[in-house]
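Colleague:
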Amino acid sequence: MSRTNFKKRTEETTGKGEEDFQQIAKEITEKQKTLDAWIPKTELGRMVKSGKISSIDEIFDKGYKIMEPEIVDSLIKLEEEVVEVSKKTRVTTAGRKFSYRAAVLVGNRNGYVGLGTAKDVDRFPAITKAKRSARLNLIRVYRGSGSWEEQPTEDQHSVPMKVVGQEGSVRITLMPAPKGTGLAVGKNIRSVFVLAGIQNVWSKGKGRTSIKLNFVRAAVNALKKVSEMKMTKDLERKLKK
Numbered sequence: 010m011s012r013t014n015f016k017k018r019t020e021e022t023t024g025k026g027e028e029d030f031q032q033i034a035k036e037i038t039e040k041q042k043t044l045d046a047w048i049p050k051t052e053l054g055r056m057v058k059s060g061k062i063s064s065i066d067e068i069f070d071k072g073y074k075i076m077e078p079e080i081v082d083s084l085i086k087l088e089e090e091v092v093e094v095s096k097k098t099r100v101t102t103a104g105r106k107f108s109y110r111a112a113v114l115v116g117n118r119n120g121y122v123g124l125g126t127a128k129d130v131d132r133f134p135a136i137t138k139a140k141r142s143a144r145l146n147l148i149r150v151y152r153g154s155g156s157w158e159e160q161p162t163e164d165q166h167s168v169p170m171k172v173v174g175q176e177g178s179v180r181i182t183l184m185p186a187p188k189g190t191g192l193a194v195g196k197n198i199r200s201v202f203v204l205a206g207i208q209n210v211w212s213k214g215k216g217r218t219s220i221k222l223n224f225v226r227a228a229v230n231a232l233k234k235v236s237e238m239k240m241t242k243d244l245e246r247k248l249k250k
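Structural data, given as structure tokens:
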């Protein structure tokens, strides 16, 4: 590569990095303005806005239903990842009509993850709607020790028990794994466990796992099942630590 081309490529890379930073800063500023201007419409929203509820754990402990995405943004910082954006075509008497379906994952890498989907005639509005939907679908993920050699309260880095999740023809089985195993899962669902804060897990998938959205939904459903299982109060307290 010539010196001129190298310089040009470096300038392009630097410019792109600055643009990304500016875009992130702009999104943070806009999100803060939205929260400041937020007028809650639900009782839970009013309690969060007034400071009566100051933690996302309290909402799940008391069994409240989240009806406003601003509730989540007020209590927890989330990372977002677009799972997929697909273009749909519908033929009508007036001609072809196009729409977009977006799927977005959100999570804090520490026990909370959510998946949202939405449709719109434009790409970016569909993604924005999916982000809001993901916050409303937020679930708490119980984690535990993945090895018999470890104490349950020692380090929560895996799923606490064997669990199965299903969506359509896709079926996934998650199994506890010891430290050092890593995420032994398909690349299409890796982000689910990263955003949920799970570091080690074994998995076994069946069905059409090439359908990415169904595979992701099956993984999220499996994690959701853990939190829905009936446990003794002592075990539930250990998994929450």
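Residue 108 in the working numbering sits at position 99 of the sequence shown, and the numbers go up by one each step.
Using N, Cα and C, we set each Cβ at its ideal position, and we do this for glycine too.
Predicted model, so just to flag it, every value in this text is computed and none were measured.
1) The alpha helix (DSSP H) with Lys234 in it runs from where to where?
2) Sort Ser83, Leu124 and Gly120 by Cα distance to Val92 and report the nearest one.
3) Could you say if the segment 48-58 and the segment 112-131 meet the contact criterion of at least three C-beta pairs nearer than 8 Å?
4) So, at 7 Å on beta carbons, what are the nonlocal neighbours of Gly191 in its own chain, with the 5 sequence-adjacent residues on each side left out?
5) Taking C-alpha atoms, which residue in Asn197, Pro185, Tyr151 and Arg110 lies nearest to Lys233?
6) For Val235, count the other beta carbons within 10 Å of its own beta carbon; 16 or more makes it buried, fewer makes it exposed. Which is it?
7) For the beta strand (DSSP E) containing Lys96, list its first residue and its last residue.
8) Compute the Euclidean distance between the alpha carbons of Arg55 and Leu44, then round it to the nearest angstrom.
9) If you check the beta carbons only, do Leu204 and Val115 fall under 8 Å apart?
10) Would DSSP call Asp129 helix, strand or coil?
11) Assign Ser63 to one of three DSSP states: helix, strand, or coil.
12) To which residues of the same chain is Asp70 closer than 7 Å at the C-beta, ignoring the five residues directly before and after it?
13) So, are the CB atoms of Ile198 and Ser167 less than 8 Å apart?
14) Run the CB neighbour count on Ala139, radius 10 Å, all protein chains shown included, and call it buried at 16 or more, exposed below.
15) Arg149 to Ile68, Cα distance in whole Å?
16) Compare the C-alpha of Gly174 against each of Ala228, Glu237, Ser63 and Glu89 and name the closest.
17) Under the assumption that Ser212 contacts Ala193 (Cβ atoms under 8 Å), give the Cβ distance between them as a whole number of angstroms.
Modeller: So, from the listed chains and residues:
1) Counting along the chain, Lys234 sits inside the alpha helix (DSSP H) bounded by residues Lys221 to Glu237.
2) Nearest of Ser83, Leu124 and Gly120 to Val92, Cα basis: Leu124.
3) The answer is no - the segment 112-131 does not touch the segment 48-58, with fewer than three Cβ pairs under 8 Å.
4) Correct list, in chain order: Asn209.
5) Nearest in C-alpha terms to Lys233, of all of Asn197, Pro185, Tyr151 and Arg110, is Tyr151.
6) Buried, by the Cβ-count rule.
7) Glu88 to Thr101 is the extent of the beta strand (DSSP E) around Lys96.
8) Using only the alpha carbons, I get a separation of about 13 Å.
9) Yes, these two residues count as a Cβ contact at 8 Å.
10) The answer is strand: DSSP assigns Asp129 an E or B state.
11) Residue state, collapsed to three classes: coil.
12) Contacts found: none.
13) Against a cut-off of 8 Å, the Cβ pair of Ser167 and Ile198 comes out as no contact.
14) Within a 10 Å sphere around the beta-carbon of Ala139 sit 16 or more other beta-carbons, which makes this residue buried.
15) Inter-residue distance for Arg149 and Ile68 is about 10 Å (C-alpha atoms, whole angstroms).
16) The shortest C-alpha separation from Gly174 is found at Ala228.
17) In this structure Ser212 is in contact with Ala193, their Cβ atoms being roughly 6 Å apart against a cut-off of 8 Å.
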